[in-house]
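Scroll down for the structure; my scribbles are underneath it.
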Amino acid sequence: MNTPNISVNLAGINLRNPIIAASGTFGYGLAFQNFLDLGNIGGFVTKGISLKPRVGNPDPRICETPSGMLNSIGLHNVGLEKFITSKMPEIRKVDTSVIVNFFGETVEEYVELANRLDQVEGIDGLEMNISCPNVNKGGSSFGTDLSVTCNVVNLCRKATKKPLIVKLSPNVGDIVEFAKACEDNGADAISAINTLVGMAIDIKSRKPLLAKRTGGLSGPAIKPIAVRMVNECYRSVKIPIIGIGGIATVQDIIEFTLAGATAIQIGTMNFVDPAICEKLAAELAPLLNELGVDNLHDLIGQVS
Amino acid sequence: MNCIILKNQKLAEGFFYLSIKPKALIGGIKAGQFVMVRVGTSSVPLLRRPMGIADFKVDGSEFGLLIQITGIGTRLLSNLVPGDNLDVLGPFGNGFPPDLKGEKIWAVAGGTGVAPFMGIAANNIFGNKFKLLLGARSADFLLQTSFFSDRGIPVDVSTEDSTKGFGGLVTELVDKNIKSNGKPDVMFTCGPISMMKALASVADEHNIPLYASLENRMACGFGVCLGCVLKKQNEDRFFTVCRKGPVFLSSEVEILNT
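For the protein sequence lines, the chains are A and B, in the order given. The opening residue of the first sequence carries number 147 in our numbering; numbering runs sequentially from there. The opening residue of the second sequence carries number 19 in our numbering; numbering runs sequentially from there.
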């Protein structure tokens with residue numbers, strides 16, 4: 147039997163396999179070298195980068211929920227300058243695809259980040275996080291307002307020639323409208339989905355378990371929602387989709403592929419098993435053999 | 019790392035001690051470090067539990083965890099039996115400083131907070147400079163005291179219900195010891211946050227450096243999730259407990275000074 151082909155071309159980024167570590171769960175990639183060989187995974191997405199460093203939200207920032215967790219880290223990151231000068235030289239040495247996640251508090255900040263990151267060598271693609279608060283719109287998220295999404299994607303598209311991926315918020319009425327807006331405004335791919343807004347309460351103290359009251363729900367608990375949204379997007383847009391949401395096993399990867407994902411990201415499970423991306427990469431070809439599939443690409447969107 | 023349970027010993031109602039053997043040597047454990055323990059293999063509970071290392075052998079061939087049952091994760095761990103597998107990551111964190119100057123080092127612990135000092139005792143890190151002051155609500159919950167006395171380490175205890183030793187809080191026991199024996203050169207502490215706060219003000223009053231082992235909810239344990247932060251004292255910035263700690267000088271962190 148031939149070894150099945152698991153390499154994928156994602157909007158011009160050649161991935162040796164479809165497994166990408168998700169932003170916010172993989173730091174700047176380097177801390178995971180103690181647990182796995184980055185050369186064996188498809189790639190990773192960095193922690194979201196802002197123009198200036200951010201200290202993040204007050205404590206407590208995380209709590210566990212059934213088959214998942216809530217987080218309100220508050221986009222804590224080193225900022226663009228330090229990222230370029232102190233993280234990128236180390237990241238460039240790594241033999242894997244590198245996607246940089248970025249976000250702004252204003253449209254102008256997004257554009258400046260896209261411009262600056264476009265010039266940085268060693269970055270294979272950019273992922274826009276549009277699920278963060280827009281200071282000019284009373285703190286409502288960029289990614290939940292359709293006209294704002296169109297505008298910010300359009301302007302970032304003009305600011306970079308690198309593959310531009312938009313990470314969609316699931317906290318909207320119809321995610322398909324946002325996927326189409328990204329496609330129409332020049333995005334090369336979409337990542338779906340970001341975390342779902344959730345809340346948990348301590349019944350003794352009657353206080354929220356997170357200092358900011360609410361946080362983003364992630365982990366296996368959200369997988370069926372993510373699969374549904376990936377499939378809805380797949381049926382409406384032509385640009386490739388990166389499926390994200392609770393992936394924990396190699397079977398989950400196939401499920402997302404059938405729903406329409408060209409590649410996938412693993413998030414929360416990196417915390418539970420920091421070697422999971424490498425382990426699932428090793429399990430993928432054998433599973434395709436078992437399923438009688440020669441090329442992973444042939445499975446994309448093949449749910450009946 | 020894959021480990022095997024050697025022993026699961028009930029210490030008191032709701033408290034147990036796991037003796038654990040890694041399948042491969044992990045080496046280089048320092049007293050005060052912690053591990054991330056996976057509870058079972060299902061997605062409930064999902065996240066690993068941060069657990070302070072108690073007794074350990076320096077070559078990493080064996081270590082122990084002193085655990086209080088507080089929720090579903092710790093209850094499941096309490097059911098482990100010898101021969102069971104346990105998935106552990108670590109050791110992580112900085113640990114207590116092993117190279118301190120000074121002739122008197124007191125460890126002040128409350129309840130399960132005695133755990134990290136077992137490693138100091140077992141490996142004789144501070145010889146006869148070291149003394150343990152341990153508090154609990156009642157005599158039954160003064161855990162592992164013989165572990166110290168068997169190794170020739172002085173142990174002074176307090177109980178809130180006066181069932182053993184000094185009747186009162188361990189911070190009052192510290193005050194009493196300072197009055198009768200003079201102050202120590204340095205103190206270590208681990209235990210409930212309210213106890214450590216009270217001790218921080220005693221340390222401050224007597225100008226004694228205090229190293230406190232702190233905790234927080236963690237998803238990863240190695241500096242990536244940024245979930246386990248604590249605010250720096252007098253600064254609008256955060257430390258991660260897993261990377262910068264879990265042992266902090268009490269003057270560095272706001273939580274011990276409010």
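Note that the Cβ used here is the ideal one computed from N, Cα and C, for glycine as well.
Query - Stretch pair the stretch 100 to 110 of chain B + the stretch 421 to 439 of chain A: three plus CB contacts closer than 8 angstroms - result: no
Requested in this report: Would you give the residue range spanned by the beta strand (DSSP E) that residue 126 of chain B belongs to?
Outcome: 123 to 128
Report task. Whole angstroms is fine: what's the gap from residue 85 of chain B's alpha carbon to residue 135 of chain B's? Result -> 14 angstroms
Query raised in the report: In chain B, what lies closer than 9 angstroms to residue 171 of chain A by C-beta?
Result: 237, 238, 242 and 243
Report task. Could you tell me whether the stretch 437 to 444 of chain A touches the stretch 46 to 55 of chain B, using the rule of 3 or more Cβ pairs below 8 angstroms? Result -> no
Requested in this report: Write down the C-beta distance between residue 245 of chain A and residue 166 of chain A rounded to the nearest angstrom, noting that I regard them as a contact closer than 8 angstroms.
Outcome: 7 angstroms
Requested in this report: Please check if any C-beta of chain B sits within less than 8 angstroms of the C-beta of residue 183 of chain A.
Outcome: no
Query raised in the report: Can you give the beta carbon distance from residue 140 of chain B to residue 177 of chain B, rounded, assuming they're within the 8 angstroms contact cut?
Result: Between residue 177 of chain B and residue 140 of chain B the Cβ distance is about 25 angstroms, and since that is not below 8 angstroms, they are no contact.
Query raised in the report: In three-state DSSP terms, what is residue 319 of chain A?
Result: coil
Report task. Assess, as a yes-or-no matter, whether the stretch 173 to 188 of chain A is touched by the stretch 249 to 257 of chain A under the definition of 3 or more beta carbon pairs within less than 8 angstroms. Result -> no
Report task. Return helix, strand or coil for residue 381 of chain A, following the three-state DSSP convention. Result -> coil
Query raised in the report: Which residues in chain B sit within 7 angstroms of residue 234 of chain A, going by Cβ to Cβ distance?
Result: Within chain B, no residue comes near residue 234 of chain A; the closest Cβ sits about 18 angstroms away, beyond 7 angstroms.
Query raised in the report: Over what stretch of residues does the alpha helix (DSSP H) that includes residue 405 of chain A continue unbroken?
Result: 396 to 405
Query - Per-residue contacts from residue 63 of chain B into chain A (C-beta, under 8 angstroms) - result: Going along chain A in sequence order, the residues near residue 63 of chain B (Cβ under 8 angstroms) are 210.
**Report entry** DSSP bridge partner residues for residue 352 of chain A (one or two, in chain order)
**Finding:** Partner(s): none; residue 352 of chain A has no beta bridge.
Report task. For residue 169 of chain B, I'd like the list of residues in its chain whose CB is within less than 8 angstroms of its CB, leaving aside the five on either flank, ordered along the chain. Result -> 139, 140 and 142
Query raised in the report: Taking the DSSP output, what are the residues bridged to residue 336 of chain A?
Result: A:312 and A:387
Report task. Would you list the residues sitting across from residue 214 of chain A in a DSSP beta bridge? Result -> A:211
Report task. Give a yes or no on whether 8 angstroms exceeds the smallest Cβ distance from residue 247 of chain A to chain B. Result -> no
**Report entry** Contacting residues, own chain, Cβ-Cβ under 6 angstroms from residue 237 of chain B (five flanking each side not counted)
**Finding:** 65, 243 and 245
**Report entry** Cα-Cα separation, residue 428 of chain A to residue 59 of chain B
**Finding:** 20 angstroms
Query raised in the report: Between residue 87 of chain B and the rest of its own chain, which residues show a CB-CB distance below 8 angstroms, the 5 nearest in sequence each way excluded?
Result: 32, 33, 34, 93 and 96
Query raised in the report: So is residue 200 of chain A in contact with chain B if we call contact Cβ pairs under 8 angstroms?
Result: For residue 200 of chain A, the closest Cβ of chain B is not nearer than 8 angstroms.
Query raised in the report: How would you write the range of the beta strand (DSSP E) that residue 23 of chain B sits in, first residue to last?
Result: Per DSSP, the unbroken beta strand (DSSP E) holding residue 23 of chain B starts and ends at 20 to 30.
Requested in this report: With 8 angstroms as the threshold, decide whether the Cβ of residue 206 of chain A is near any Cβ in chain B.
Outcome: Cβ-Cβ to chain B under 8 angstroms: yes for residue 206 of chain A.
Query raised in the report: Cα separation between residue 233 of chain B and residue 239 of chain B?
Result: 11 angstroms
Report task. Output yes if chain A places a C-beta closer than 8 angstroms to the C-beta of residue 247 of chain B; else output no. Result -> yes
Requested in this report: For the stretch 161 to 211 of chain A, list the beta strand (DSSP E) runs that are entirely contained and at least 3 residues long, ordered along the chain.
Outcome: 165 to 167, 189 to 191 and 208 to 211
Query raised in the report: Among residues of its own chain, excluding the 5 on either side of residue 278 of chain B, which ones have a beta-carbon nearer than 6 angstroms to its beta-carbon?
Result: Chain B is shown only over 19 to 276; residue 278 of chain B falls outside these bounds and no answer can be derived.
Query - Short CB-CB distance (under 8 angstroms) between residue 234 of chain B and chain A - result: yes
Query raised in the report: DSSP beta-bridge partners for residue 249 of chain B?
Result: B:256
Query raised in the report: Taking only beta-carbon atoms, is residue 229 of chain A less than 8 angstroms away from chain B?
Result: no
**Report entry** 3 or more residues per run - each beta strand (DSSP E) lying fully within the stretch 101 to 182 of chain B
**Finding:** 103 to 110, 123 to 128, 148 to 154 and 173 to 177
Query raised in the report: Does the beta carbon of residue 366 of chain A come closer than 8 angstroms to any beta carbon on chain B?
Result: Between residue 366 of chain A and chain B, the shortest Cβ-Cβ separation is below 8 angstroms.
Query raised in the report: In angstroms, rounded to a whole number, what distance separates the CA positions of residue 230 of chain A and residue 266 of chain A?
Result: 8 angstroms
Query - 7 angstroms Cβ shell around residue 375 of chain A - same chain, five flanking residues per side excluded - result: 316, 321, 338 and 339
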